[in-house]
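Numbering-wise, the working numbering puts 101 at position 101 of the sequence shown, and it's gapless, one number per residue. Where a beta carbon is used, it is the ideal one built from N, C-alpha and C, also for glycine. For reference, the structure discussed in these notes is given below.
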Amino acid sequence: MNEIIGVISDTHDNIPNIECAVDIFNQYQVSLVIHCGDFIAPFALVAFKDLKCPLIGVFGNCDGEQDFLLHRAQELKYSIYHPPYTSEISDKKILISHKPVIPDNNFDIIIYGHTHKPQISIQKNQKPYLIINPGEASGWLFHKATIAIMDLKTITAQLIPL
1 MNEIIGVISD THDNIPNIEC AVDIFNQYQV SLVIHCGDFI APFALVAFKD LKCPLIGVFG
61 NCDGEQDFLL HRAQELKYSI YHPPYTSEIS DKKILISHKP VIPDNNFDII IYGHTHKPQI
121 SIQKNQKPYL IINPGEASGW LFHKATIAIM DLKTITAQLI PL
């Protein structure tokens with residue numbers, strides 16, 4: 001499995017930006033895309049249709065039509081969970097949330113959205129872990145649309161403007 005992962009959040013129905021993000025994820029040949037919530041309307045999921053890998057995500061505070069979002073996700077073979085959601089990918093424990101969370105020390109990577117402010121940092125507690133907020137893919141709030149590309153092998157990430 002390729003250990004390059006795409007991270008996106010707060011798409012807020014911005015279809016052109018979602019399609020741009022999909023193009024970038026495909027260029028990087030990511031093996032998975034993680035969405036940190038606030039898809040908003042179920043039709044926004046269709047904009048991910050050209051993605052060449054699986055997508056998993058969590059609901060955000062603005063995702064009102066959760067039942068229909070789940071239905072649309074299942075049609076597209078994507079998975080959406082209630083946050084926080086934990087996953088193990090390439091032996092890395094990952095916590096995925098919409099809102100910022102204070103984790104225990106069992107995670108290698110914490111990914112969240114909600115604030116619309118991009119952040120990539122290493123927290124040095126008993127066990128260091130990577131924190132990623134890809135920022136807002138929509139660009140509606142701060143007019144700076146971003147996504148992130150994460151390398152699980154090196155536990156690093158970079159922000160990519162849309």
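Close Cβ partners of residue i (< 8 Å) along its chain, the five nearest in sequence each way excluded
i: I56; result: L32, V33, I34, H35, Y78, S79, I80, Y81, Y85, S87 and I96
i: K92; result: D108, I109, L152 and I155
Pairwise C-alpha distance: residue j and residue i
i: P42; j: E65; result: 7 Å
i: L159; j: I120; result: 8 Å
i: F59; j: L70; result: 10 Å
i: Q74; j: G139; result: 27 Å
i: H116; j: I147; result: 11 Å
i: F25; j: N125; result: 31 Å
i: D23; j: H143; result: 20 Å
Under 8 Å between C-beta atoms of residue i and residue j
i: D63; j: F39; result: yes
i: R72; j: L45; result: yes
i: N111; j: I94; result: The residue asked about is misnamed: residue 111 is Ile in this sequence, not Asn. Contact: yes.
i: L162; j: I5; result: no
i: A145; j: A137; result: yes
Buried/exposed call for residue i, threshold 16 Cβ in 10 Å
i: N14; result: buried
i: D10; result: buried
i: P128; result: exposed
i: F68; result: exposed
i: H12; result: buried
i: I149; result: buried
Any non-hydrogen atom of the ligand GTP within 7 Å of residue i CB
i: Y28; result: Questions concerning the ligand GTP fall outside what the structure shown contains, since it holds no ligand whatsoever.
Cβ shell of residue i (< 6 Å), same chain only, five flanking positions each side left out
i: P100; result: Y112
i: H114; result: H98 and K99
i: S90; result: E3 and L152
i: G37; result: V58, F59, G60, H98 and G113
i: P54; result: L32
Determine, using beta-carbon pairs with one atom in the segment 23-31 and one in the segment 117-132, whether at least three such pairs fall under 8 Å. no
Three-pair Cβ contact test at 8 Å for the segment 13-22 versus the segment 102-120: With the rule of 3 Cβ pairs closer than 8 Å, the segment 13-22 does not count as touching the segment 102-120.
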